[in-house]
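Here's the structure, in structure tokens; my notes come after.
There are 2 protein chains.
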Amino acid sequence: MPKKFKTIVEYDGSNYHGWQFQPDQPTVQGELERALEKIFHIRIPVYGAGRTDAGVHASGQVAHLIAAWKHPVGNFQKALNSILPDNICIKDLSEADADFHARHSAISKIYQYQILNQESRAPLKQRFSWHVSRPLSVAKLDEASNYLIGAHDFASFGSPTSGTTSTVREIYQAGWEKGHEDQMLVFTICGSGFLRYMVRSLVGTLIQVGLGKITVRDFQGILACCDRSKSGPTAPPQGLCLVSVQY
Amino acid sequence: MPKKFKTIVEYDGSNYHGWQFQPDQPTVQGELERALEKIFHIRIPVYGAGRTDAGVHASGQVAHLIAAWKHPVGNFQKALNSILPDNICIKDLSEADADFHARHSAISKIYQYQILNQESRAPLKQRFSWHVSRPLSVAKLDEASNYLIGAHDFASFGSPTSGTTSTVREIYQAGWEKGHEDQMLVFTICGSGFLRYMVRSLVGTLIQVGLGKITVRDFQGILACCDRSKSGPTAPPQGLCLVSVQY
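One line per chain: the protein sequences are S and W, in this order. The opening position of the first sequence corresponds to residue 311 in the numbering used here, with each subsequent residue numbered one higher. The opening position of the second sequence corresponds to residue 311 in the numbering used here, with each subsequent residue numbered one higher.
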């Protein structure tokens, strides 16, 4: 009797063309489905909570799948991890209610974006951060980020994901803090959902504020105008990580 | 008029066959000498403080070189960094006394070794740590490490580097602490110098103590017997980082 399973997945996205399956490119979903096929000898689809883009990482992506696993659930996790490549790991696997859906059941998601703010680049940190060499004002970054909280039309910062048309999302939390190392700035954002490229577009535009290239008021104007062409450059993918999904 | 320069180099060693130049393999020294050749159109040798092995990282390797650079020294650093690949960076470059030698003038070196001690592997941390899935006793690791402090013959843990025959080294500091994340254990060791594979061999043997496979007294015996065949397995390279060199 097939059962539904919920999994929490961590991956280093550096070498993947994103989460979503593509026939000719390595993807995280593709690797998971290939591992499942090795175990069950049939194709089993995996549904992720969100489609992370090429080069984006996850420490807490959530996905569900339906499979006829008869043994203890811990063995299922071990079996998958023994097949998956080193840069993908099933952190948790549990049986889920029949109506659970990784994307539709999600209440909120948390993303983090790491910026290395120092003059010199840093080979040991570049894989998981964006290097911004000119000094950033954390006070200004925080001030601008405060305007994100609440329900807004984020059309300036992204396009709807497939299956949706609205560009309104609610942000519950958004702020900056210093990381373990002094020069690392970490942006944490929690929201009901995110448009395609939204976090990276927000970060890219916030950095313009932090560098003093635009004012906090300019940032408010960009948010209010709902014009995709008005946002700053999209921040690069390697600084972004899907941290967790709440249900 | 050629001058002597001291540089501090950071690198992600994952894709290199170590520090030392090899004609047919990518090495850190090779990349540095290639960058210098692009600037000066002649071959300029680079002398490192220590020869890190394949896959070992450095946040503070030191090297010296002699070059006829006529412009401000900051421009020399920028010129090198603009040529070097992303995984190598000159963190600092300054003029040095004529008798300075990166290896011979060094008084001590600090290495760190990171161990991820949790059941599940972690794709976001594997590049810079060794994953040990069974629980380690930090108290035992620390107790055994204390016996390293002082001058000892470390023949059980490595072979002399080229140009030396003695296997006696002095260790000034050796200890374990929890990293920023709870599951990361960081071993820091400061010594007058290190034999080839010494830190990784020490860590591999200390882990046997931390796992309870051998006792602290066994570890003392291995240190005392000066027999290379008695040490535990050599810990893998990606957990090791040359942090700094003192002069």
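Glycine included, C-beta positions come from ideal geometry on N, C-alpha and C.
| Item | Value |
| --- | --- |
| Would you grab the beta carbon distance between Gln339/W and Gly323/W for me? Rounded to a whole angstrom, and I think it's under 8 Å. | 12 Å between Cβ atoms; not a contact. |
| Between which two residues does the alpha helix (DSSP H) carrying Glu341/S extend? | 338-350 |
| Could you check the C-alpha separation between Thr544/W and Arg506/W for me, to the nearest Å? | 11 Å |
| Of all the options Gly485/W, Lys435/W, Thr337/W, Gln530/W, which has the alpha carbon lying nearest to the alpha carbon of Ser466/W? | Gln530/W |
| Run through chain S and tell me which residues come within less than 8 Å of Arg431/W, C-beta to C-beta. | Asn391, Asp396, Cys399 |
| Which partner residues does Ile398/S have in the DSSP bridge list? | Tyr321/S |
| Whose C-alpha, out of Glu429/W, Arg431/W, Val442/W, Ala484/W, is nearest the C-alpha of Ser455/W? | Ala484/W |
| If we define contact as Cβ-Cβ less than 9 Å, is Arg437/S a contact residue for chain W? | yes |
| Strictly under 9 Å for the Cβ-Cβ distance: is Asp407/S near chain W by that measure? | no |
| Return the CA-CA distance between Glu453/W and Glu487/S, expressed in angstroms with no decimal places. | 36 Å |
| Where do the ends of the alpha helix (DSSP H) carrying Thr515/S lie? | 508-520 |
| Return the CA-CA distance between Gly443/W and Ser415/W, expressed in angstroms with no decimal places. | What sits at residue 443/W in the sequence shown is Ser, not Gly. Roughly 40 Å separates the two Cα atoms. |
| Leaving out five residues on either side along the sequence, give the residues of the same chain with a beta carbon under 6 Å from the beta carbon of Ile420/W. | Cys500, Val553, Ser554 |
| Given a limit of 8 Å on CB to CB distance, which residues of the stretch 438-456 of chain S reach chain W? | Phe438 |
| Glu320/W versus chain S: which residues are under 8 Å apart at the beta carbon? | Ala432, Pro433, Leu434 |
| In the DSSP assignment, find the unbroken alpha helix (DSSP H) run with Arg527/S in it and report its ends. | 526-535 |
| Under a CB-based cut-off of 9 Å, is His490/S close to chain W? | yes |
| Does the stretch 312-329 of chain S come within contact of the stretch 394-407 of chain S, defined as at least 3 CB pairs closer than 8 Å? | yes |
| Can you pull the DSSP bridge partners for Leu550/W? | Tyr423/W |
| In chain order, what residues of the same chain have a beta carbon less than 6 Å from the beta carbon of Val413/W, not counting five sequence neighbours either side? | The residue you asked about is not Val; residue 413/W is Arg in the sequence shown. Within the same chain, Arg413/W has close Cβ partners Ala359. |
| Is the distance from the Cβ of Ile425/W to the Cβ of Ser404/W below 9 Å? | no |
| Quick one: grab the DSSP three-state call for Leu505/W. | coil |
| For chain W, is any of its Cβ atoms less than 9 Å away from the one on His367/S? | yes |
| By Cβ distance, which residues of its chain are closer than 6 Å to Asn427/S, with the 5 residues on each side in sequence left out? | Val442, Leu446, Gln493, Leu495 |
| With DSSP as the reference, identify every bridge partner of Leu375/W, one or two as the case may be. | Phe315/W |
| Would you give the residue range spanned by the beta strand (DSSP E) that Ile417/S belongs to? | From DSSP, Ile417/S is part of no beta strand (DSSP E); its letter is neither H nor E. |
| Hey, how far is the Cα of Ala534/W from the Cα of Leu458/W? | 11 Å |
| For Glu453/S, does the three-state DSSP call read helix, strand or coil? | helix |
| Roughly how far, in whole angstroms, is the beta-carbon of Ala408/W from the beta-carbon of Lys348/W, given that I think they are within contact range, below 8 Å? | Incorrect: roughly 26 Å between the Cβ atoms, too far for contact. |
| When you compare the CB positions of Gln332/S and Ser418/S, do they come within less than 9 Å of one another, or not? | no |
| Residue range of the alpha helix (DSSP H) that Lys388/S falls in? | 383-393 |
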